[in-house]
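> The structure under discussion is supplied below as structure tokens; questions concerning it will follow.
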Amino acid sequence: MEVKLPEPRNKGEMSLEEAIYKRKSIRRYTSEPLTLGELSQVLWAAYGMNIWGKRTSPSAGARYPFEVYTVVSSVEGLDPGLYHYDGKKHVLKLI
-16 MEVKLPEPRN KGEMSLEEAI YKRKSIRRYT SEPLTLGELS QVLWAAYGMN IWGKRTSPSA
44 GARYPFEVYT VVSSVEGLDP GLYHYDGKKH VLKLI
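Quick note: the sequence shown uses my numbering, first residue -16, plus one each step.
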């Protein structure tokens, strides 16, 4: 099964400087599920593709020696399971 993810935002809701300034650790987590858009944004930021067709994360020698998998248990509209993230197509594939 392949799940097309919502298009990621390329403009954040706050500046990097503001995010760093407001950063804090949280040790109590909500039981509310993530939206598919939220998961999409995190995966794209971690290992997606930018407008030049390059990864959003750096890699020495542009080798990109790893793949991204996510265990889903509570995401709206997505069955629980293990998924592989294909950053080139911006899709999740159920394993």
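Even glycine gets a Cβ: it sits at the ideal position worked out from N, Cα and C.
Check whether the stretch 4 to 13 and the stretch 41 to 56 touch, using three or more Cβ-Cβ pairs below 8 Å as the test.
Touching, no.
> Closer than 7 Å by C-beta to residue 23: which residues in its own chain qualify, once you throw out the five before and the five after it? Chain order, please.
Within the sequence shown, residue 23 is the residue found at index 40, counting from 1. Here the set comprises -12, -11 and -9.
> Going by CA-CA distance only, name the one from 77, -6 and 63 that's closest to residue 69.
Taking the sequence shown and counting its residues from 1, one reaches residue 69 at position 86. When each option's Cα is compared against that of residue 69, the closest is 77.
> Measure the Cβ-Cβ separation of residue 61 and residue 54 and say whether it is below 8 Å.
One-based indexing of the sequence shown puts residue 61 at position 78. One-based indexing of the sequence shown puts residue 54 at position 71. Their beta carbons are not under 8 Å apart, which means residue 61 does not touch residue 54 by this criterion.
> Could you tell me the alpha carbon to alpha carbon distance between residue -2 and residue 30, rounded to whole angstroms?
Within the sequence shown, the letter at position 15 stands for residue -2. Within the sequence shown, the letter at position 47 stands for residue 30. Rounded to whole angstroms, residue -2 to residue 30 spans 20 Å at the Cα level.
> Rank 35, 33 and 73 by C-alpha distance to the C-alpha of residue 52 and give the top, closest one.
The residue labelled residue 52 in the question sits at position 69 within the sequence shown. Among 35, 33 and 73, the Cα nearest to that of residue 52 is on 73.
> Measure how close the beta-carbons of residue 59 and residue 26 come, nearest whole angstrom, since I'm counting them as under 8 Å.
Reading the sequence shown from its first residue, position 76 is the one you call residue 59. Reading the sequence shown from its first residue, position 43 is the one you call residue 26. Not quite, the Cβ-Cβ distance comes to about 15 Å (not below 8 Å), so this is no contact.
> So what does DSSP say about residue 64, is it helix, strand or coil?
Residue mapping note: residue 64 aligns to position 81 of the sequence shown, counting from 1. Residue state, collapsed to three classes: strand.
> Would you report the Cα separation of residue 16 and residue 35, rounded to the nearest angstrom?
Taking the first residue of the sequence shown as 1, we reach residue 16 at position 33. Taking the first residue of the sequence shown as 1, we reach residue 35 at position 52. Those two C-alpha atoms are separated by around 32 Å.
> Hey, out of 33, 50, -15 and -16, whose CA is closest to residue -6's CA?
Position 11 of the sequence shown, counting from 1, holds the residue named residue -6. For residue -6, the nearest C-alpha among the options comes from 33.
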